[in-house]
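Residue numbers (the numbering used here): 5 to 122. Positions of the beta carbon are idealized from the N, C-alpha and C atoms, including for glycine.
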Ligand code: 5GP
Ligand code: ZN
């Protein structure tokens, strides 16, 4: 867990372009953007979706969806539309185990599956 890059970003131990934060959630721009708007939303807590989430973690997932709406509004894609995805496991190309949702927008995103190539 201590080596987790997203935990380090959450603790501000390594820099990131943060666009939103509150007590439970942090949102920052993806270092390799796949769309004009590409923001990652994470819980501050190190949650690992491939290991399953506890009932007590439901609240933070709801908080992430609320934060996603705020980020979409701030980034000017709430009206035009955006995609919120969580890659989970090897076939989805998940690189970072810490739970995260990609918020993508700012262009026509096309089919879902090609976006998952990494
Ligand atoms: P995954 O493939 O696990 O769903 O997505 C991980 C995402 O994290 C990738 O899109 C990758 O570009 C992004 N990423 C990896 N390391 C860093 C980092 O240090 N900073 C930022 N801002 N994004 C990162
Ligand atoms: Zn972590």
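Item	Value
Reference residue 109, options 102, 78, 92 and 103, closest by Cα	78
Own chain, CB closer than 6 angstroms to residue 22, minus 5 neighbours either side, in chain order	32
Contact set for residue 61: own chain, Cβ-Cβ below 8 angstroms, skip 5 residues either direction	47, 49 and 51
Between the CA atoms of residue 19 and residue 73 - distance to the nearest angstrom	24 angstroms
Residue span of the beta strand (DSSP E) that contains residue 89, given as start and end	86-89
Distance CB(residue 68)-CB(residue 29) smaller than 7 angstroms	yes
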